[in-house]
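2 protein chains.
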Amino acid sequence: MKEIGIGLLGFGTVGAGVVEALRKNGDLLAARTGVRLVLRKIADLDLDRDRGVALDRSLLTTDAISVIDDPAIQIVVELIGGTKIARTFITRALEHGKPVVTANKALLAECGAEIFRLAAKHGTAVGFEASVAGAIPIIKALREGLVGNRIARVYGILNGTCNYILTRMEREGDTFDHALKEAQAHGYAESDPTLDVDGWDTAHKAVVLASLAHGFPVDMAAVYVEGIRTLAKVDIDYARVLGYRVKLLGVVKAEPDGIDVRVHPTLIPANHMLSSVNGVFNAVMVDGDIAGQTVYFGRGAGRLPTASAVVSDLADLAVTMAAGAPFPPTLPHDLPGRCLNIGDISSRYYLRISLLDKPGVMGVLTTVLGNHGISIASVVQKETHAGRNVPVIIVTHRAREADMNVALAEIDARPFVGAKTIRLRIEDLDGQI
Amino acid sequence: MKEIGIGLLGFGTVGAGVVEALRKNGDLLAARTGVRLVLRKIADLDLDRDRGVALDRSLLTTDAISVIDDPAIQIVVELIGGTKIARTFITRALEHGKPVVTANKALLAECGAEIFRLAAKHGTAVGFEASVAGAIPIIKALREGLVGNRIARVYGILNGTCNYILTRMEREGDTFDHALKEAQAHGYAESDPTLDVDGWDTAHKAVVLASLAHGFPVDMAAVYVEGIRTLAKVDIDYARVLGYRVKLLGVVKAEPDGIDVRVHPTLIPANHMLSSVNGVFNAVMVDGDIAGQTVYFGRGAGRLPTASAVVSDLADLAVTMAAGAPFPPTLPHDLPGRCLNIGDISSRYYLRISLLDKPGVMGVLTTVLGNHGISIASVVQKETHAGRNVPVIIVTHRAREADMNVALAEIDARPFVGAKTIRLRIEDLDGQI
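Line order of the protein sequences matches chains F and G. Take the first sequence: its position 279, counting from 1, is numbered 279 in the numbering used here, and each next residue is one higher. With positions in the second sequence counted from 1, the corresponding number in the numbering used here is that position plus 433.
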């Protein structure tokens, strides 16, 4: 049986998972694919920490370059993360014509176009199934399973930390701060949670999915990103009353004038399948013009789930290499396309306006919104106390974001508005699902 | 750009969907894959019926053999269905070394091993994404996305007709007969619904998934099949009270002594994602030892959703052919494996016993079950009327099916049991999901 030599860069959580997966199921994998994956070298700066996997220590080295350059290593797996040294290593491997498998969404979001171009130039490939949604084979689904579809919409719950926090806020009534502490205590959040809770990790993944779905390199700078740090429990509760759940969504929508890519807490219908995705799980809904809506669900992170995705990429690459075949094109990065500016998107909105209750103020609100072409779908106002601030919840019909920005600026400048209006976006995800 | 010639056998609903999908997204597909799929011939006995797709009529022929033999046709798509003529055509194409794409689960379930062997012998391949779960790329997920996993369990809602009927019975309170009539009125069920409602279609698909997951040809004869025709609304209602929903599941479980493959109405926890799959939709849960649980959801049938799967197979095959590469092995059909007999499986059970209420009879029931190693997890008994039959619902702990059969025979022979006991199986699908 043919053997393909694997070199691993980064022996952290996922790296150890890959070692364990290959040890556990290497024989089965060989029987299934007809190729044997042989782990030949592992590079990491820390050679001493116990990763909980049985390992021949002679595989370990601190010298990543020697792994990349080793002629016995035919595929390089980059699990270091970050956008600096990982980029150098990936570039070097691709320049050697060696395919790379990576879980590095930050790097792909920031310079994926360059990396894919380099791979194409050197007749090699980049596998990145592990970069989005862990164990869920969403890259393969988009790239191959739905290859015959024009992708109208992708909605992803792509960050387990945020989904865990939102689930706690909804179910346990936690504040954001308390839910974050719980997430940290359970190992679901980093001590510096910025990348997760401020939406950047979700944005990186949304960019990878958007680029894949639409075939042009989506620029991170074009993506509107809003995290969950300032989300108030009260808005989750009001959303529930209105028949919605609040999820941090990566949104990728094809609109007539461009692709709408954004990340923000989003009200979605409580009876939609995505609303039942709780805790650290991830899910992605893809709406294709031929397939209709399909949903993919599973563990979005963790040692073994992410390793499952890495091994899938390794198997694909190894089968191609063992056959002496050229790699299929990684991404068609030359399709025409552009991203919409957040101001040019349209959405339905949830507004929580802090209103000093006086006769006629609702009429003023309606007029201001109407002046900007925004019509109201429903209003919720709890019992009022004359002369005190009361929250008024307004759900709007579809409106342009730029118009909403102007309307909210006007509203918030009124003397009868007691605090900055809270604005959340609604996605109706129409269809049965 | 390289072109690959496609010949279509069978111009029915899905065939017309494939024509429409290629017409609509052929350019996009070519941009994505670097290969152009060219539909060269369509064979059908009926050349006159309007399929609602624009078509050059010179593509049409009644002579399927001429399509298969045409040197300009490099991939044959079989969408005729059935196990007779379709088998002849597929065999002929494979003997020519031409890869085949098929949606024919009945044929694959009955003689898949022979077909895959023939493909391997002639160095060609069979694509069968469309054979299970329509638009959902579940074959690709199992075969490639989860290739590094030992598959512990697969649970599939694989028949939209049955799921529609069960959804109506649960939501609208329909009887089976009425729900079936509704399904027929909406075009979701055939006038002869046997293949669907008696579980055979689900069984065919379960066999395809089981063979794929475990790498040996699962024999249809080894699969226990029970449909939904005799399912009573009252059991759906009791299940609901107990926190379950009833779904017709294809079950594939790896047990220590073999693979447990069966199809029957199944109680699953109401809070599991599969319970929220309603109407004609399909979903598959796969539990892999590396990935954990992943769930795949979408439209399981219909013109375009099934076409999406066919086009995905076409694209994979075309990319390989255009590269002049050998096809990856379709299935490793030589892994060791055997199926369990239904008597040797173990399950938790829901029993509805029609009991003539007399003092002490519950004690007798408990004793009979206990004598066969079956212990009771919970009992529901509504207000009783002395001397009349009352339903007693018993939920058991895990027990062996053969033991349950003997126990039920004993119970049903007792004079205080007024009707044949209803027995349904429970799957707890443990995990958060």
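All residues carry an ideal CB built from backbone N, CA and C; glycine is no exception.
Within the 8 Å Cβ cut-off, does F/GLU170 reach chain G?
-> The C-beta of F/GLU170 comes no closer than 8 Å to any C-beta of chain G.
Going by the CB atoms, is the gap between G/VAL679 and G/MET706 shorter than 8 Å?
-> The answer is no: Cβ separation not under 8 Å.
How many whole angstroms separate the CB atoms of G/ALA756 and F/ALA325, which I take to be in contact at a CB cut-off of 8 Å?
-> Indeed, because the Cβ distance is near 5 Å, the residues count as touching under 8 Å.
Which class does G/ILE866 belong to by DSSP, given the choice of helix, strand or coil?
-> Because the pLDDT of G/ILE866 is 37, which lies under 50, any placement of that residue in the model is unreliable, and the number read from its coordinates should be weighed accordingly. In this structure, G/ILE866 counts as coil in the three-state DSSP scheme.
What residues from chain G crowd round F/ARG299, counting only those whose CB sits closer than 9 Å?
-> ALA724, GLY725, GLN726 and THR727
Shortest alpha-carbon distance to G/LYS686 belongs to which of G/LYS435, G/VAL656 and G/GLY467?
-> Just measuring C-alpha positions, the residue of G/LYS435, G/VAL656 and G/GLY467 sitting nearest G/LYS686 is G/VAL656.
What are the boundary residues of the beta strand (DSSP E) that includes G/GLU605?
-> Element bounds for G/GLU605: n/a, residue is neither H nor E.
Thinking C-alpha only, which one of F/SER66, F/LEU212, F/ALA109 and F/VAL67 is nearest F/GLY81?
-> F/ALA109
Identify the contact partners of F/ASN25 in chain G, using a Cβ-Cβ distance below 8 Å as the criterion.
-> GLY581, ASN582, ARG583, ASP722 and ILE723
Identify every residue that forms a DSSP beta bridge with G/THR494.
-> G/ALA476
Terminal residues of the beta strand (DSSP E) in which F/LEU351 lies | Where F/LEU351 is concerned, the enclosing beta strand (DSSP E) stretches over 346-356.
From the DSSP output, in three-state form, read off F/ARG400 for me.
-> strand
How is G/GLY868 classed by DSSP in three states: helix, strand or coil?
-> This structure cannot speak to residue 868 of chain G, because chain G is shown only from 434 to 866.
G/LEU841 versus G/ARG785 - alpha carbon distance | Roughly 11 Å separates the two Cα atoms.
Report the option in G/ARG469, G/VAL580 and G/ILE437 whose CA atom is closest to the CA atom of G/ALA724.
-> G/VAL580
Closest Cα partner of F/PRO332 within the set G/PRO765, G/LEU462 and G/ILE437 = G/LEU462
Below 8 Å, can you find three or more Cβ-Cβ pairs linking the segment 442-456 of chain G to the segment 494-514 of chain G?
-> yes
Interfacial residues, the segment 200-223 of chain F to chain G, with Cβ spacing under 9 Å = GLY215
Check distances from the C-beta atoms of the segment 301-318 of chain F to those of chain G and list, in chain order, the residues that come in under 7 Å.
-> The residues in question are LEU304, PRO305, ALA307, SER308, VAL311, SER312, ALA315 and ASP316.
G/ASN838 (DSSP reduced to helix, strand or coil) | helix
Look up G/ILE437 in the DSSP assignment and give the residues it is bridged to.
-> G/LEU470
Please name the residue in F/GLY34, F/THR62 and F/ARG36 whose C-alpha comes closest to that of F/LEU47.
-> The residue among F/GLY34, F/THR62 and F/ARG36 with its C-alpha nearest the C-alpha of F/LEU47 is F/THR62.
Mark G/ARG695 as exposed unless 16 or more other C-beta atoms lie within 10 angstroms of its C-beta, in which case mark it buried.
-> buried
Taking the alpha-carbon positions, what's the F/ALA301 to G/ASP722 distance?
-> 15 Å
Have a look at F/PRO99, F/LYS382, F/ASP50 and F/LEU59 and flag the residue whose alpha-carbon is nearest the alpha-carbon of F/LYS485.
-> As shown, chain F starts at 1 and ends at 433. That puts residue 485 of chain F outside it, with no answer to give.
Span of the beta strand (DSSP E), counted from its first residue to its last, around G/LEU681 | The continuous beta strand (DSSP E) containing G/LEU681 extends over residues 677-688.
Could you check where the alpha helix (DSSP H) with F/GLY112 kicks off and where it finishes?
-> 105-121
Counting Cβ pairs closer than 8 Å, one from the segment 306-324 of chain F and one from the segment 179-199 of chain F, do we hit at least three?
-> no
Taking the C-alpha atoms as reference points, what is the distance between F/GLY373 and F/SER131?
-> 40 Å
Measure the beta-carbon distance from G/ALA566 to G/ASN715 and round it to whole angstroms, keeping in mind my assumption that it falls under 8 Å.
-> 5 Å
For G/VAL667, I'd like the list of residues in its chain whose CB is within less than 6 Å of its CB, leaving aside the five on either flank, ordered along the chain.
-> Once the five neighbours on either side are set aside, G/VAL667 has no close Cβ partner at all.
With 7 Å as the C-beta to C-beta threshold (strictly closer), list the residues of the segment 559-581 of chain G near chain F in chain order.
-> ALA568, ILE569, PRO570, LYS573, ALA574, GLU577, GLY578, LEU579, VAL580 and GLY581
Proximal chain F residues relative to G/SER779, where beta-carbon distance stays under 9 Å = Under the 9 Å cutoff, chain F gives no residues; its nearest Cβ is about 25 Å from G/SER779.
Rounded C-alpha distance that separates F/MET404 from F/LEU369 = Each residue's Cα considered, the two are about 8 Å apart.
Residue range of the beta strand (DSSP E) that includes F/ASP260 | 258-269
Under 8 Å between C-beta atoms of G/TYR671 and G/VAL823 | Contact annotation: G/TYR671 and G/VAL823 have beta-carbon atoms that are not nearer than 8 Å.
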